[in-house]
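Structure record follows, encoded as structure tokens.
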Amino acid sequence: MDFIDLKPIDLQHTPLGTHQQLPVRHYWQLDWDKLAALIHDNQDVIAVVQAGLAEDWLNTHGTIWDEQLGYYRYPNDNREFDDTVFWAASTWATPAILVTFHNELTKSFACYKKGKDPDFYYLGPRSN
């Protein structure tokens, strides 16, 4: 998987956050398979990967992978809390990723598929 396979997207901020009920426009969830392939194939140039909703980035993003720790634990995991919380699905916004490269350049990309499952699959089954 290469970065040219992803669509660049602008990250925005909704001043009041996403607490208000918005009309359902679609059911999109983060594409974990695409994201895992991207990280696996490009670890030599990536420093940090964050995920969230592009239209409300500041209220919904969190780090999921970095070159020091690898994949972060599950959000709010009582075994190892690391303050990583992010939205992985939406009925109105676009699941996206922000990649920080070793040269400190950052690029954001849409990274979703149809679905409404907000669970966190990048670590495999929770029992692992």
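Each residue of the sequence shown is one higher than the one before, starting from 3 at the first, in the working numbering. Just so you know, even glycine gets a beta-carbon here, dropped at the ideal spot from N, CA and C.
- Within its own chain, the residues whose Cβ lies closer than 6 Å to the Cβ of H63, once the five positions on either side in sequence are excluded, are Q52, G54, F88, listed in chain order.
- Its Cα nearest to that of Q70, the residue D46 stands out among A91, P120, D46.
- Straight-line spacing of the CA atoms in A112 and E106 works out to 20 Å.
- A residue is called buried when at least 16 other Cβ atoms come within 10 angstroms of its Cβ; T108 does not meet this threshold and is exposed.
- Annotation: the segment 42-113 contains the following complete segments of the beta strand (DSSP E) (minimum length 3 residues), in chain order: 48-55, 64-68, 97-103, 108-112.
- By the criterion of a C-beta distance shorter than 6 Å, L13 is surrounded in its chain by A56, W59, S110, once the five residues flanking it on both sides are discounted.
- The beta carbons of W30 and P120 sit about 11 Å from each other, so the pair does not count as a contact at 8 Å.
- Under the three-state reduction of DSSP, K118 is assigned to coil, being neither helix nor strand.
- A direct Cα-to-Cα measurement between L40 and W67 gives close to 12 Å.
- The residue from A91, D33, F5, G117 with its alpha-carbon nearest to that of D43 is F5.
- Within the DSSP secondary-structure output, P25 pairs in no beta bridge.
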